[in-house]
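Undergrad:
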Amino acid sequence: MSEMMKVSSNPHVRSKVTTSNVMIWVVISLLPAAGFGIYNFGIDALIILALSVLSTVLSEFIYEKLMHKKITIGDFSAVVTGLLLGMNLPSTVPWWIPILGGMFAIIVVKMLFGGLGQNFMNPALGGRCFLVISFPAIMTNFVTDTFTGATPLTALKNGQEVVVMDMIIGRTGGTIGETSMIALVFGACILIMLGIIDLRIPGSYIVSLLIFTAIFGGHGLNGAYLSAQLAGGGLMLGAFFMATDYVTSPITNAGKYVYGIFLGVLTAILRIYGGSAEGVSFAIVIGNLLVPLIERFTQPRAFGIPKTRREAK
C-alpha cells in the first residue's frame, strides 16, 4: 500500500520516449537528403558533413569537461545540430567553416545559455546565420564542377527560367541538404508517422508562404513560379526539420499556427523584397526570438478562470 502512496513533483505522466530516441530518428530521417547531397556534390559534401558533426560533438564534450558538467553527447542532440548545420552549407566551403560554425552553434547558442532545452534559437541555424554574416562570399559560393550557375531561386529572382522538376528531384546547385525536395519530404514523413512532429507548424508555414507569394510575388497564381518557390532553397529543410525544433517553437496549438504563419510571411517578404533569394534561416531565427511572446498570447485559459480575471493579470 505504501508503494502506491508516492508523492512526487510534476510531470506525473511518464513516457518511455527519450531525447536520444527522438534525436536518433531525426538523424535517420535526415539521411536520405544528406545522402543525396553527397551523391549530388561528391566527396567534398561528405567531408563537410563529417567535419560539422565532429565539431559539434567535440565542442559539447570539451565544454562540459572543462566546466565539470555532466557529459550529454549521448543524447545525440549535438549530432543533429552538426548534421543540420552541414546540410545548410555549400559543398565549396573550406574545411574550417563547418568547424567554426559548429563551435559557435554549440558553445555560444546552446551551452552558454544552459544546454539543451535552454537555447533561445535553433543552434544549427544560429551557426549558419553567424557564418553567412561573417563570410558572405564563402557562404554564397555554389559553383561546383557539376553546377556552375546560380541557384534556382537566385535565377528565378533575376527573371531567368528554372526547371521545377530538377528542383524537386535535386539536380540543382545549393547547400548540401536542401536540393532534393523528394528526399526531404520522405524524411519528414518518417517523423510525422512516428508522431515526433506534426503538421501545424510546417503546414501553416508552407501554405502562408504560398499565399503571400501568390498575392505579392508579381506572378499571381503561376503554377511554375509557386512550385519553384516551394521546392527551392531551404524551405522543406527549414519547415520540417528546424522550425519544428521542440525547444525553440511554441508548445501551444494556437501558437504553432501563429508561428508557422509568421515564418511563411517573413520568408516570402525576404525572398521577394530582400537582397537575397533565400530567407528561411533568418526567418526561423527571428521567429525563435518571438516564441515567448507568441506563447504568452496563445496560452489557453485554465479551467474555471473567467476571462476578465485573466485579462486583469
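FYI, the numbering for the sequence shown is 7 to 319, going by the numbering used here.
Here a beta-carbon is modelled for each residue, glycine too, at the ideal position from N, C-alpha and C.
Source: prediction; values computed, not measured.
In angstroms with no decimal places, state the Cα-to-Cα distance between Ile174 and Phe222.
TA: Distance between the alpha carbons of Ile174 and Phe222 is about 24 angstroms.
Undergrad: Assign Phe36 to one of three DSSP states: helix, strand, or coil.
TA: The residue asked about is misnamed: residue 36 is Leu in this sequence, not Phe. Three-state DSSP puts Leu36 in a helix.
Undergrad: Thinking C-beta only, is Ile112 closer than 8 angstroms to Thr87?
TA: Cβ atoms of Thr87 and Ile112: closer than 8 angstroms.
Undergrad: Determine the DSSP secondary structure at Phe222, reduced to helix, strand or coil.
TA: The answer is helix: DSSP assigns Phe222 an H, G or I state.
Undergrad: My output table needs one value for Met73: the three-state DSSP class, helix, strand or coil.
TA: Correct three-state label for Met73: coil.
Undergrad: Mapping DSSP to helix, strand and coil, what is Leu91?
TA: Reduced to three states, the DSSP call for Leu91 is helix.
Undergrad: Curious, which full-length alpha helix (DSSP H) runs of at least 4 residues does the region 143-228 contain?
TA: Here the runs fully enclosed are 158-163, 170-175, 187-199 and 206-222.
Undergrad: Report the rounded CA-to-CA distance for Met199 versus Ile182, giving the unit in angstroms.
TA: Computed Cα separation, rounded: 25 angstroms.
Undergrad: In chain order, what residues of the same chain have a beta carbon less than 6 angstroms from the beta carbon of Arg316, not counting five sequence neighbours either side?
TA: Residue confidence is low: Arg316 scores 49 on pLDDT, short of 50, so the model does not pin down where it sits. Its coordinate-derived value is still stated next. Arg307.
Undergrad: Any contact of the region 239-252 with the region 278-286, i.e. 3+ C-beta pairs under 8 angstroms?
TA: Result yes; three or more Cβ-Cβ pairs closer than 8 angstroms.
Undergrad: Taking the alpha helix (DSSP H) that Ala274 belongs to, which residues open and close that run?
TA: Start and end: Asn259 to Tyr279.
Undergrad: My guess is that Ile290 and Leu269 are in contact by the Cβ rule of under 8 angstroms, so how many angstroms apart are they, rounded?
TA: Indeed, because the Cβ distance is near 6 angstroms, the residues count as touching under 8 angstroms.
Undergrad: Mind checking whether Val28 and Ile202 have CB atoms under 8 angstroms apart?
TA: The answer is yes: Cβ separation under 8 angstroms.
Undergrad: Quick check on Ala56: does DSSP put it in helix, strand or coil?
TA: Helix at Ala56.
Undergrad: Along the chain, where does the alpha helix (DSSP H) containing Leu118 start, and where does it finish?
TA: From DSSP, Leu118 is part of no alpha helix (DSSP H); its letter is neither H nor E.
Undergrad: I'd like to check one pair, Leu295 with Phe126: are the Cβ atoms closer than 8 angstroms?
TA: Yes, Cβ-Cβ distance for Phe126 and Leu295 is below 8 angstroms.
Undergrad: Just to confirm my understanding: we take Gly123, look at its own chain, exclude 5 residues before and 5 after, and list those with CB closer than 6 angstroms. What are they?
TA: Same-chain partners within the cutoff: Val253.
Undergrad: Under 8 angstroms between the Cβ atoms of Pro104 and Ser65?
TA: No. Outside cutoff.
Undergrad: Would you call Met7 buried or exposed, if buried means 16 or more other Cβ atoms sit within 10 Å of its Cβ?
TA: Residue placement at Met7 is flagged as unreliable, the pLDDT there being 46, under the threshold of 50; the coordinate-derived value follows with that caveat. Looking at its Cβ environment, which holds fewer than 16 other Cβ atoms inside 10 Å, Met7 is exposed.
Undergrad: Are there 16 or more other CB atoms within 10 angstroms of the CB of Asp81, so buried, or fewer, so exposed?
TA: Asp81 should be labelled buried.
Undergrad: Just to confirm, are Leu36 and Phe192 a CB contact at a threshold of 8 angstroms?
TA: No, they are not a contact pair.
Undergrad: Going by DSSP, what residue range makes up the alpha helix (DSSP H) through Met109?
TA: First-last of the alpha helix (DSSP H) with Met109: Trp102 to Met109.
Undergrad: So, with DSSP's three-state summary, where would you put Ser124?
TA: Looking at the sequence itself, residue 124 is Gln, so the reference to Ser does not match. Coil, per DSSP.
Undergrad: Measuring CA to CA, which of Val271, Ile292 and Tyr265 is closest to Phe303?
TA: Measuring from the Cα of Phe303, the nearest candidate turns out to be Tyr265.
Undergrad: Smallest Cα separation from Phe136: which of Leu232, Phe110 and Leu72?
TA: The candidate whose alpha carbon is nearest that of Phe136 is Phe110.
Undergrad: Is it true that the CB of Met171 sits closer than 8 angstroms to the CB of Val99?
TA: No, these two residues do not count as a Cβ contact at 8 angstroms.
Undergrad: Just the Cα atoms here: how many angstroms apart are Leu90 and Gly107?
TA: If you take the alpha carbons of Leu90 and Gly107, they lie about 11 angstroms apart.
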